[in-house]
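Undergrad: Numbering (the working numbering), first residue to last: 589 to 736. Ideal Cβ positions, reconstructed from N, Cα and C, are used throughout, including at glycine.
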């Protein structure tokens, strides 16, 4: 049975009460983030429509920056993908063109490969980039379960 983004997020919040889900992203915020970082993967856009980011201990799924809520959305997709502001991928413009940084995983970063939509992660201390075989839902569930 297929669950909507809201269903599985709600189930995850029940299981992990320390999970902080943000209010849904405003349509304008989603338009702005895509103007800045390029087209979002459908599953990420759908998740942001339900929760504009989330935090669970050392795991943070970045939000679309919202001018109405700057403190809550400061650590945004826009900042995480700006070569002048990000530590992800060493700020390398070529790598940031290949990948969309979408989460902080306790010092490392979660990435969507723009061409294939596959999820990768950059992990300290060597900052090697490794591919996963997980979809967004499974990736988020795994990171929430294992966040320190």
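Which residue comes first and which comes last in the beta strand (DSSP E) that contains residue 719?
TA: Segment 716-719, the beta strand (DSSP E) holding residue 719.
Undergrad: Determine the contact status of residue 639 and residue 735, defining contact as a CB-CB distance below 8 Å.
TA: Going by C-beta atoms, residue 639 is not nearer than 8 Å to residue 735.
Undergrad: For residue 617 and residue 652, which I take to be in contact (beta-carbon distance under 8 Å), what is that distance rounded to the nearest angstrom?
TA: Going by Cβ atoms, the distance from residue 617 to residue 652 rounds to 4 Å, so yes, they are a contact pair.
Undergrad: Looking only at its chain, what residues have a beta carbon closer than 6 Å to the beta carbon of residue 674, apart from the 5 residues adjacent to it on each side?
TA: 668, listed in sequence order.
Undergrad: Determine the extent of the alpha helix (DSSP H) in which residue 667 is found, giving its start and end residues.
TA: Run containing residue 667: 665-668, per the alpha helix (DSSP H) assignment.
Undergrad: Could you check the C-alpha separation between residue 710 and residue 717 for me, to the nearest Å?
TA: So the two alpha carbons sit approximately 4 Å from each other.
Undergrad: Figure out for me which residue from 661, 658, 659, 698 has the closest Cα to the Cα of residue 676.
TA: Looking at the Cα atoms, 698 is the closest of the given residues.
Undergrad: Pick from 650, 637, 648: whose alpha carbon is nearest that of residue 612?
TA: Nearest C-alpha to residue 612: 637.
Undergrad: By DSSP, does residue 606 sit in helix, in strand, or in coil?
TA: Looking at residue 606 - three-state DSSP - the assignment turns out to be coil, as it is neither helix nor strand.
Undergrad: Quick one: Cα of residue 631 to Cα of residue 606, how far?
TA: Cα-Cα distance, rounded: 23 Å.
Undergrad: Residue 682: buried (16+ other C-beta within 10 angstroms of its C-beta) or exposed?
TA: That one is exposed.
Undergrad: Identify every residue that forms a DSSP beta bridge with residue 697.
TA: According to DSSP, which records beta bridges pairwise, residue 697 is partnered with 692, 710.
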